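Peer 1: Residue numbers for the sequence shown follow the working numbering, so the first one is 56 and each next one is one higher.
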Amino acid sequence: MKKFKYIIIPILLCGVFVFGFNKFMDKKDVELLQKKDLFMMLHDTKSLVKDKGVFANNYLMRNGYMMVMGSSELSHSTKQHPDYYFNTGRTKNGVITIGRAYTQTLQDATIVGSLDNNIKDKKIVLLLSMQWFMDRDGVTPHHFQTRFSPVQFYRFMKNPEISNEVKDKYIKRVSELLNKPGEFKPEAFYAKLYMDKSIKGKILRTIFKPYYFFRESMVSLKDKGITMKKLERMYDKDEVSYRIRGNIDWEKEMSEAKKEAETRVGNKVETLGGKRLYIDKGYYKEYIHGKDKKFKNVYDKVNLNKGREFEDLDIFLDTCKDLGIKPTIVLLPGMNEFYNYTGINQKERKDFFEKVNNVIKPYDFRVIDLSKNENRRYYLRDVMHLGTVGWVDLCNQLYNIYER
């Protein structure tokens, strides 16, 4: 009896401490989120708070923010970035932008599934890139793990609104991508336990249940601690302001975007395979100049319609359906001249976008198909990323959907 007492009392005390500390962190983070000017946190393209967190995302979504998820196009390479329009006081609601290079749909599904189910009418936008589908195997284990978040993972798996069927598909993909898990060994083992439907698996899940309860609590506290540390370093609302007076004049924004693009592209005729490319001169000089031979038909063997990214897209769509979320899915174009030269012709691209549209259609989700703009001058700043004109066009459309 004494031995039992020596075991159970420390466990109870630890539980009470974790519970109390958790409540303290909740209160502290909410106070800071209300007190601080959040522009620089929202502006951060490598944010642990947004990309890998839960607490701040839930707080912001409760307050009407729109979440825009994508990849490297969300770097602040032009001043027409969504942050400039939606986080400067000229709209009713702000925007949370999440995404950098190699963030793809499985991670986006994780983020959506980690959000609080009590938040109604979530505004979710997915910027879907053709480039994600060029690799037959989809996202690589290395790139997935650099974006992987344990706290989001556990929230997804514990979400009662997500069906067992979707969780089974999700956990199978996660297990494959955590094949060499490194720091994520607990999550890789969790995935194996979850997939094991045998009696042995059931027993092991029961044995490890206290450990994973503690693990979930710790990664949740870590998220709140990272959020608090970030917020404490930021300016208070009365110390700084990134607000811009007045409303957004979209015609003026488009006019200025075209002028800016002309300067970025310059007057020199830059070509690939004899075709002029209207892209940023800096990008051309670094990545394309003098490489015509290298790029000729380099993607000739790529089959856009058979990549495993479609499996991950299904998981994203099914997750949204289970949660009652109706996302806006934006199909981003690639530059016509570049992909024709590199081996993915216009018909192949058209077939790909048609397939994506057909995959989404049964869900009745909103689609903004920008692929028709692949020939539009200055729509892209390089061969694949939205440019000044492209961002104004897309942000205007999102404004009309979510602000009007």
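Note that beta-carbon positions come from the ideal geometry of N, C-alpha and C, so glycine has one too.
Because the structure is a prediction, the values reported are computed rather than measured.
#1: On the CB-based measure, 16 or more other CB atoms within 10 Å of its CB, does L449 come out buried or exposed?
#2: In three-state terms, what does DSSP make of M121?
#3: Give the list of continuous alpha helix (DSSP H) stretches no shorter than 4 residues that lie fully inside the segment 222-263.
#4: Express the C-alpha separation of S102 and V109 in angstroms, rounding to a whole number.
#5: Is there contact between the segment 264-275 and the segment 198-214, where contact requires at least three CB pairs shorter than 8 Å?
#6: Following the continuous beta strand (DSSP E) through K178, name the residue where it begins and the one where it ends.
#7: Taking DSSP's pairing of strands, which residues face V353 in a bridge?
#8: May I have the straight-line CA-CA distance separating I254 from K247, to the nearest angstrom?
#9: Go ahead and label N142 buried or exposed: buried means 16 or more other beta carbons lie within 10 angstroms of its beta carbon, across all protein chains shown.
#10: Would you kindly work out how many angstroms separate the C-alpha atoms of T240 and L232, rounded to a whole number?
#11: Report, in whole angstroms, the separation of the C-beta atoms of S126 and Y157, which I expect to be a contact under 8 Å.
#12: Give the list of continuous beta strand (DSSP E) stretches no shorter than 3 residues that lie fully inside the segment 96-167.
#13: Note down, in chain order, each residue of its chain lying with its Cβ closer than 6 Å to the Cβ of T100, except the 5 sequence neighbours on either side.
#14: Quick one: is F268 buried, meaning 16 or more other Cβ sit within 10 Å of its Cβ, or exposed?
#15: How about T397 and F350: do their beta carbons lie closer than 8 Å?
#16: Is it true that the CB of K340 sits closer than 8 Å to the CB of G321?
#17: Alpha carbon to alpha carbon, how far is M250 from K227? Give it in angstroms, no decimals.
Peer 2: The structure says:
#1: Per the 10 Å Cβ criterion, buried.
#2: Per DSSP, reduced to three states, the secondary structure at M121 is strand.
#3: If we require 4 residues or more, the alpha helix (DSSP H) runs fully inside the segment 222-263 come out as 240-250.
#4: In this structure, the CA atom of V109 is about 12 Å from the CA atom of S102.
#5: A contact between stretches requires three or more CB pairs, one per stretch, nearer than 8 Å, and the segment 264-275 meets this requirement with the segment 198-214.
#6: That run of the beta strand (DSSP E) goes K178 to L183.
#7: Looking at the DSSP output, V353 shares a beta bridge with no other residue.
#8: Those two C-alpha atoms are separated by around 14 Å.
#9: Label assigned to N142: buried.
#10: In the sequence on display, residue 240 carries Lys and not Thr. Approximately 12 Å between the Cα atoms of the pair.
#11: Yes, S126 and Y157 are in contact; Cβ-Cβ is about 7 Å, under 8 Å.
#12: As far as the segment 96-167 is concerned, its whole beta strand (DSSP E) runs of at least 3 residues are 121-124 and 150-153.
#13: Only S130 and R155 meet the Cβ criterion.
#14: With fewer than 16 other Cβ atoms within 10 Å, it is exposed.
#15: Yes, the pair counts as a contact, with Cβ atoms nearer than the cut-off.
#16: No. Outside cutoff.
#17: Rounded to the nearest whole angstrom, the C-alpha separation of K227 and M250 is 7 Å.
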